[in-house]
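Please read the structure below before turning to the comments.
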Amino acid sequence: MQPIVSPNHPSSRSPTLGGLIMLVGFVLLGGVISTLLLFVVLLVGKGLDPAEAQAYLLRLSGNPTSVANGWYEIMALQAVNHLGTFLLPALLYWYVIERRTWPQFSQRPLATVTGLGIVVLIVIAFMPGNGLIIEWNQNLHLPQTLAPLEQWIRDKEKSLAGVTKYITTFDTPLQLAIALLVIGVIPAIGEEALFRGILQRNLTVWTGNVHLSIWVAAALFSAIHVQFLGFFPRMLLGALFGYLYVWSGNLWVPILAHFVNNGFTVLMVYLYQRRVVAVDIESTQSVPIIGAILSLVLSAGLLAYFKRSNAGHPSPNT
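Everything in the sequence shown is counted per my numbering, starting at 15 for the first residue and increasing by one.
And the structure:
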């Protein structure tokens, strides 16, 4: 099967260092514009002056429980920020700078990818094993000379954990649907387009080393979340998505995996809160070592099967 786009195709451009700088600029600009948009909405919609609007945004992001309808407003804040920081900058770079279209993220149609159900199983099977990595990462300590930095990191994580707990407390099916959209769908599309579709692909073109590209993109994917006590497990997830992209040749596959990871967690939290299931997926209790090992072995086996089932197809790097 021939790649959808040849490197010499006149409607596309090869990635350059200047293009990477522009991509970073788009991401930064998108974050600023999305914040300004929210600022204007507060000025007009709530009739606040600039100082009040700034204070309101800070209160909403830091302590949403103190705001009436805070749950819905912080979910809107999350959605706008994510669209402005990840998806829109990625699409702007892809369409304007590289002059490509969405289908050119993929080297083969989704219908020809074997084992989409296996992708779902891989992600779910990987969760207990990655839970052990989460526990290990949270127990890491910086050298004593960096104790103030570590304290700041842990205080920041505690604050973020409070907000996360708040936005994953659902009272109605409507809130579940909104959470699946904001926590599941939007990040899956935006982050995979940026980190796998553009960054990983371009790194592969520049370095010629697909494994290096996958892990560098995964490390950047984790770092941009600014949650250092979860850096390594998130990096492993990014690498998992990266290999699924390379082996499948279609960007919708890591998007599916990303959505399953986030959406399954959201759904399990909702079902636990409604007392439908007895498993608290957000529990901080230690993962049994045997269970974690079995999880990782099963995940590796399913990954090997998926790779073998899709062998012989072009990688998404042209």
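Glycine included, C-beta positions come from ideal geometry on N, C-alpha and C.
| Item | Value |
| --- | --- |
| Please report how far the alpha carbon of residue 165 lies from the alpha carbon of residue 322, in whole angstroms. | 45 Å |
| Rounded to whole angstroms, what's the CA-CA distance from residue 93 to residue 285? Just pull it up for me. | 23 Å |
| Suppose contacts are defined by Cβ-Cβ distances below 8 Å. Is residue 297 in contact with residue 143 by that definition? | no |
| Nearest to residue 74 by alpha carbon, out of 254, 180 and 259? | 180 |
| Rounded to a whole number of angstroms, what is the C-alpha to C-alpha distance between residue 312 and residue 193? | 29 Å |
| In chain order, which continuous runs of the alpha helix (DSSP H) of length 4 or greater are located wholly inside the region 205 to 251? | 215 to 221 and 224 to 237 |
| At 4 residues or longer, and completely inside the region 158 to 211: list those alpha helix (DSSP H) runs for me, N to C. | 161 to 181, 187 to 193 and 200 to 205 |
| Give the secondary structure of residue 120 by DSSP, where H, G and I count as helix, E and B as strand, and everything else as coil. | coil |
| Give a yes or no on contact between the region 101 to 111 and the region 275 to 283, applying the rule of three or more CB pairs nearer than 8 Å. | no |
| Can you give the Cα-Cα distance for residue 255 and residue 79, rounded to whole angstroms? | 34 Å |
| Can you tell me which of the three DSSP states residue 83 falls into? | coil |
| One question on the structure: do residue 275 and residue 137 come within less than 8 Å of each other, judged by their Cβ atoms? | yes |
| Which of the three DSSP states is assigned to residue 324 in this structure? | coil |
| Can you find at least 3 beta carbon pairs, one from the region 112 to 129 and one from the region 223 to 233, that sit closer than 8 Å? | no |
| Give the secondary structure of residue 21 by DSSP, where H, G and I count as helix, E and B as strand, and everything else as coil. | Because residue 21 sits at a pLDDT of 35, beneath the cut-off of 50, its placement in the model cannot be relied upon, and the following sentence gives the value as read from the coordinates. Looking at residue 21 - three-state DSSP - the assignment turns out to be coil, as it is neither helix nor strand. |
| Here's the rule: buried if 16 or more other CB atoms are within 10 angstroms of the residue's CB, otherwise exposed. What is residue 16? | Unreliable placement is indicated for residue 16, whose pLDDT of 34 sits below 50; the coordinate value is still reported in the next sentence. Burial call: exposed. |
| Have a look at residue 25 and residue 233 and give me their C-alpha separation to the nearest angstrom. | Interpretation of residue 25 is limited by its pLDDT of 43, a score under 50 that renders its predicted location unreliable; the figure taken from the coordinates is listed afterwards. Rounded to the nearest angstrom, the two C-alpha atoms are 31 Å apart. |
| Measure the alpha-carbon distance for residue 293 versus residue 287 and round it to whole angstroms. | 10 Å |
| Once the 5 residues before and after residue 54 are set aside, which same chain residues still bring their CB inside 6 Å of it? | none |
| Skipping 5 residues on each side, what residues in its chain have a beta carbon closer than 7 Å to that of residue 90? | none |
| I'd like to check one pair, residue 120 with residue 330: are the Cβ atoms closer than 8 Å? | yes |
| Kindly give me the distance between the Cβ atoms of residue 98 and residue 167, rounded to whole angstroms, as I take these residues to be in contact under 8 Å. | No, residue 98 and residue 167 are not in contact; Cβ-Cβ is about 26 Å, not under 8 Å. |
| Taking DSSP as the reference, what is the three-state secondary structure of residue 103? | helix |
| State the DSSP-derived secondary structure class of residue 96, mapped to helix, strand or coil. | helix |
| Smallest Cα separation from residue 260: which of 291, 245, 324 and 249? | 324 |
| Looking only at C-alpha atoms, which of 35, 85, 156 and 318 sits nearest to residue 196? | 85 |
| Roughly how many angstroms separate the alpha carbons of residue 34 and residue 253, rounded to a whole number? | 20 Å |
| Output yes or no for whether 8 Å exceeds the beta carbon distance between residue 51 and residue 151. | no |
| Quick one, are the C-beta atoms of residue 57 and residue 70 less than 8 Å apart? | no |
| In chain order, what residues of the same chain lie with their CB nearer than 8 Å to the CB of residue 316, ignoring the 5 residues before and after it? | 132, 135, 136 and 139 |
| In this structure, how does DSSP classify residue 59 when only helix, strand and coil are distinguished? | helix |
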